[in-house]
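For reference, the structure is listed below as structure tokens.
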Amino acid sequence: MSSPTAALFIIHHSLFIILAILLAFTACTSATAAQTTASTPDSSPTPTLTPTAPPPPPKVTYTPVELGTVSPVIVQRFPRRGEELPADGAIELVFDRAMDQNAVDTAFSLQTAADQPQQIEGDITWPDERTMQFTPAQPLDRATVYDAILTQDAVAEDGAPLAEPFTFRFSTPGYLEVTQVIPTDGTTDVETNATITVMFNRPVVPLTSLEEAEKFPQPLEFEPAISGQGEWLNTSIYVFTPDGDLPGGMTFTVRVKAGLQDVAEKTDLPNDFEWRFTTQPPEVVFTTPNDGQTLVPIENPIKITFSQPVEAQSAQDKFELTAAGSLFGGTVAGQYEVISETLTFTPTEPLEFDTRYNVTIDAGVTGAAGGSGMISPYSFGFTTVPLPRIVGTEPADGDNNAPPQTGFSILFNTPINPATVMDHVEMVPPLPLTPTLVYTSYSPWNNSFNFSFGAQPSTTYQVRITPGIEDPYGNKTTDNLNVRFRTRSLPPNYQLRTPDFVGTYDAALPAKMVVRFVNVNTLNLRLYQLDPEDVLNPWDWNTDRQPDSSRLLREWQERLEAPADKQAFQVIDLSEEGGPLAPGVYLLDTDSPQLNNQNYYAHRHLLVVTEINLTLKAGQRDALVWATDLANGEPVTGQEIVFFDTDNRQQLGSATTDSSGLARLDLGQRPYRTTIIALIDTTDDNFSAVSENWARGISPYEFGLDFAYNLPDYNVHLYTDRPIYRPGQTIHFKGIIRSEDDVQFRRPDVGRVNVSIFDAAYETILEEEVEVSPAGTFNGSVDLEEGAALGNYTIAVNFGDQHFEQYVQVAAYRAPEFEVTVEPSEPELLRGEDVEATIHTNYFFGGPLAGADVTWNVLAESYRFEPPQLGGYSFTDANDPYVCFDCWWWQPDTFPQPILDGSGTSDAAGQLSLTLDGQELDEILETGSQRLTIEANATGPDNQFISGRNTV
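Residue numbers (this note's numbering): 546 to 1497.
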């Protein structure tokens, strides 16, 4: 089929074909099984559930040909591989040269593929000297497998035999059969909006135009009758769509009448094909409130959702709401509303407080389309909210071990009005008058009212709660409570006030340590002097590792004095006389008997005591140290600096400081970056050390700076003459290469580079070697074919072990001649205010596009006010105790949803004014802040469609 309408027919139906195939794979029962039910006549011949495989191909004698013989070759055959041969068709062999016709006639045979094959007689003709045709004397049997055999007795006119016997197997067309039906035979609980699908093993209708499709056969009959529309998704799949929902709980018989023909072979369906299915009756799938739900508001309606649209009167007649234990029958009166599958019952009067209600839906609720009613009754119950009362507090009355910074929570048995709580709460000591020191919140999840008030440790508090706290209906509590509790003291704790585990100290100053502590009165201290090489892996000492006892310089105990529960600081002398320590590496180890679990990270410190300050800057290929005297700041000259790799304690080399105190070491090419440490390893007073890791407070990331440890040897700037191309155009590219050494860029010593360009499927369209100019530049181009693939193309440059890429887009675009912009009058507005915007349509050369057809639409999405300077605060109405509002992973995704649309025409100035009524918007929008996106689309004189958008 080659007509345009036929192509449209195929495209129009492609989506439905995919859907039908998916449905077929998910069917519960095979259609073949449906064909063999006792109540359904079978097609003839009966298809086999498990086909019997034909025997192996026939064995034909093989005779090796003489070396150097150029044997004839069969270049084409009919039927081709995988094709069926019509029952009245002919077999055709085409050779690469003229053949000895008598020899070929004798060598060819056709037989059935069986353990005892049957030879097929026929006539052989030669349309030309290279083409042989075999026509069976009688039409071949349908649904039968045959073997065609050509032995090596077949020779060419020059006498050359076949190199080997030639055999192939084919089959003839079978009979028209139903292979799959949906719903399958015997299926129950079929949805009432289901479609009915039947699939055949052979094409029943041809590929043709939409007009011709109206004449296609409609093969299905229904008992009872179903009105609807049938459609052929392709040549062998037919789908019937009922005009409306099917009646529920009803059994349907579907029949394909005998005599239906396939379009190719004109074979009939010998017998009627029948199957049956039953639609599901209505049933309850969801209720509001849920079964067993408590704290149900007394004014809420009851909603029942059925599995299908239901008939309104039958649903009302079968519904009953009763109050449990009522003395007057308990049936509750109300108003009904049935929309599709949902029944809503609104009581005439509010329900009673703290009352159990039962809902019953009797059997017999019928679907909107009729049919059998709901088979079984359905019932559920719920309990309404009780009158308010206090059920507990946290801390509870008499609690003498409350957390030191505890808040206070009042637990209620029902939702309450949080605005009425604090007027009925008195506290001793009184609550702070400053509002920022008292924070209140209400949790509907457990009906608790919470407030924090800056509780202090080791303090007794008394909270008096008076009657009068209201629920949403104005009912008041009658509880009069006095809650007395005491907070416990702060846990003992202390910390060495150091910026990091390792610290550098001036050997000329007294050695002191500051301790911050609370509820600790005794501190045990031990000071060890370590070997200089111990500084290479200082973190080894931030564990429970203990130095050798011979390294112990001093062990003593300090008394710490401060009021209970008050944080205090105390300065501790590390030397006995309060003087300085000699240059070297020291470990300070501390503990306290008031702390059960020792934390070595918090209570140990490594001291590098020195008279020389070392500043280290390390790169990928070199390291620089600046040595200065801590006493006067002058450079230290002539001092040897030794550099180490801390990962494996390997010495990398040494360098001597110059007159500026600088020492530089070339590290060469390191396969990967490791941590560098530099030290003055001497036994005199010149010892000092510095490491890249000792950078707390001065690391690049702490200043928001981008940095990289592994720097490339080269940098390539690769670009094209434009960012986007059309098929048929030429991509011009250029590259600039520079060798990179820190901040210095030099022209490279690179003579040639390999350039590869890949299309969107990563197929190579260019592979060439390009010369690099003395200035370090190179360029080239590639012509795109007219039918070039669309998508992102990759330009790759390789030289040595360097690889660089640049991407460019190829698209079937048309350059726009005009632009569309949307200009809101205000970027931010309050809810309820009118939104005004102007849509501009202008040519790129500057003139207005007047008289353009403009369509516009408005999309809305939720908006969160999140100023960066207030990242720890939440500005939403949500109050969920299980949500981390500050966590990046909590923020839900928002998607714009269309809410309004319209159209108009641009005026002489190329403008269209738009005003959105604020009150109308407020009713449409969801609660909370919203971001509106106004999109405008204009159509130019040449039918070019251009869009623009902006947000409010």
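Ideal placement from N, C-alpha and C gives every residue a C-beta, glycine not left out. Please read these numbers as outputs of a predicted model, since none were measured by experiment.
>> Just to confirm before moving on: does the CB-CB distance between Ile-669 and Asp-650 stay below 9 Å?
In response: In contact: Ile-669 and Asp-650 (Cβ atoms closer than 9 Å).
>> Let me check understanding here. Comparing Cα to Cα, which of Gly-1377, Val-1399, Thr-1460, Asp-1226 lies closest to Thr-1472?
In response: Comparing Cα positions, the closest option is Gly-1377.
> For the alpha helix (DSSP H) that Ser-859 lies in, which residues bound it at each end?
Replying inline: Going by DSSP, Ser-859 is part of the alpha helix (DSSP H) stretching over 857-862.
> Short check: CB of Phe-996 to CB of Gly-952, under 9 Å?
Replying inline: Yes; because the gap between Cβ atoms is below 9 Å, this pair is in contact.
>> On the DSSP letters alone, give me the boundaries of the beta strand (DSSP E) that Ile-1186 sits inside.
In response: Membership of Ile-1186 in the beta strand (DSSP E) is indicated by the continuous run 1185-1190.
>> Assuming the contact rule is C-beta atoms closer than 8 Å, Val-973 and Tyr-1006 should be a hit. Round their C-beta distance to whole Å, please.
In response: Indeed they touch by this definition, with Cβ atoms about 7 Å apart.
> According to the Cβ coordinates, are Leu-1126 and Ala-1052 closer than 9 Å?
Replying inline: Contact flag set, yes.
> Can you give the beta carbon distance from Glu-629 to Pro-718, rounded, assuming they're within the 8 Å contact cut?
Replying inline: Confirmed, about 5 Å.
>> Quick check: what's the CA-CA separation for Val-687 versus Met-677?
In response: For the sequence presented, residue 687 should be read as Arg rather than Val. Approximately 24 Å between the Cα atoms of the pair.
> Looking only at its own chain, which residues have a Cβ that is under 7 Å from the Cβ of Ala-583, when we skip the five neighbours before and after it?
Replying inline: For Ala-583, the pLDDT reaches just 31, beneath the cut-off of 50, and the residue's location in the model is therefore unreliable, leaving the point undetermined.
> In angstroms, rounded to a whole number, what distance separates the CA positions of Leu-622 and Glu-637?
Replying inline: Note on residue identity: the sequence assigns Arg, not Leu, to residue 622. Distance between the alpha carbons of Arg-622 and Glu-637: 6 Å.
>> Just to confirm the assignment, what range does the alpha helix (DSSP H) spanning Asp-1467 have?
In response: DSSP places Asp-1467 inside the alpha helix (DSSP H), whose first and last residues are 1463-1469.
> Which whole-angstrom value is the C-beta distance of Phe-898 and Val-930, which I expect to be below 8 Å?
Replying inline: With 8 Å as the limit, Phe-898 and Val-930 qualify as a contact, their Cβ atoms being about 6 Å apart.
>> Runs of 3 residues minimum, wholly inside the stretch 1152-1181: which ones carry the beta strand (DSSP E) assignment?
In response: The stretch 1152-1181 contains these whole beta strand (DSSP E) runs: 1157-1163, 1167-1174.
>> Suppose you measure from the CA of Glu-1308 to the CA of Tyr-1270; what does that come to, to the nearest Å?
In response: Going by the C-alpha atoms only, they are around 18 Å apart.
> Any idea if Gln-1112 is buried or exposed, counting beta-carbon neighbours within 10 angstroms, 16 or more meaning buried?
Replying inline: With fewer than 16 neighbouring CB atoms inside 10 Å of its own CB, Gln-1112 falls in the exposed class.
>> Quick check on DSSP: helix, strand or coil for Leu-1081?
In response: Leu-1081: helix per DSSP, three-state reduction.
>> Distance check for Gln-1456 and Ile-849, CA to CA, integer angstroms please.
In response: The C-alpha of Gln-1456 is placed about 51 Å away from the C-alpha of Ile-849.
> Below 8 Å, can you find three or more Cβ-Cβ pairs linking the stretch 880-897 to the stretch 760-772?
Replying inline: No: the two stretches stay apart, fewer than three of their Cβ pairs being nearer than 8 Å.
>> One question on the structure: do Ser-1326 and Ile-1276 come within less than 9 Å of each other, judged by their Cβ atoms?
In response: Contact: yes.
>> Using the Cβ count rule (16 or more neighbours within 10 Å means buried), how would you classify Lys-863?
In response: Here Lys-863 is buried. Its C-beta has 16 or more other C-beta atoms within 10 Å.
> Can you round the beta-carbon distance between Pro-1272 and Gly-1332 to whole angstroms, since I take them to be within the 8 Å contact cut?
Replying inline: Rounded, the Cβ-Cβ distance is 6 Å, consistent with contact.
> Which class does Ser-1448 belong to by DSSP, given the choice of helix, strand or coil?
Replying inline: In this structure, DSSP gives Ser-1448 an extended state, which the three-state scheme calls strand.
>> Quick check on the burial criterion: 16 or more other C-beta atoms within 10 angstroms. Buried or exposed for Thr-1460?
In response: The residue is exposed, with fewer than 16 neighbouring Cβ atoms inside 10 Å.
>> For Val-539 and Glu-1381, I'd like the C-alpha separation in whole angstroms.
In response: The chain is shown only over 546 to 1497; residue 539 falls outside these bounds and no answer can be derived.
> Would you report the Cα separation of Gly-794 and Gly-916, rounded to the nearest angstrom?
Replying inline: Answer to the nearest angstrom: the Cα atoms are 6 Å apart.
>> Please tell me whether Gly-1485 and Glu-1285 are closer than 9 Å, where the distance is taken between their beta carbons.
In response: Against a cut-off of 9 Å, the Cβ pair of Glu-1285 and Gly-1485 comes out as no contact.
>> What does the alpha-carbon distance come out to for the pair Gly-984 and Phe-851?
In response: First, the amino acid is wrong: residue 984 is Tyr here, not Gly. Answer to the nearest angstrom: the Cα atoms are 46 Å apart.
>> So, for Pro-532: in the same chain, excluding its five sequence neighbours on each side, which residues have a beta-carbon less than 6 Å away from its beta-carbon?
In response: Given that the chain is displayed from residue 546 to residue 1497, the structure contains no residue 532 and the question cannot be resolved.
>> Going by DSSP in three states, Phe-1410 sits in which element: helix, strand or coil?
In response: Three-state result, Phe-1410: coil.
> Do you know offhand how far Tyr-1073's Cα is from Pro-948's?
Replying inline: Using only the alpha carbons, I get a separation of about 39 Å.
> In its own chain, which residues sit with a C-beta less than 6 Å from the C-beta of Thr-1496, not counting the 5 before and 5 after it?
Replying inline: Excluding positions up to five away in sequence, the list reads Arg-1476, Thr-1478.
>> Taking the beta strand (DSSP E) that Gln-621 belongs to, which residues open and close that run?
In response: Going by DSSP, Gln-621 is part of the beta strand (DSSP E) stretching over 619-623.
> Any chance the stretch 1176-1183 sits against the stretch 1130-1142, with 3 or more Cβ pairs inside 8 Å?
Replying inline: Using a Cβ-Cβ distance cut-off of 8 Å, the stretch 1176-1183 and the stretch 1130-1142 are not in contact, since fewer than three pairs of beta carbons, one from each stretch, lie closer than that value.
>> For Ala-705, tell me which candidate among Ala-648, Met-919, Val-1355 has the shortest Cα-Cα distance.
In response: Measuring from the Cα of Ala-705, the nearest candidate turns out to be Ala-648.
> Per DSSP, what kind of secondary structure is Leu-866 in: helix, strand or coil?
Replying inline: DSSP places Leu-866 in strand when its eight states are reduced to three.
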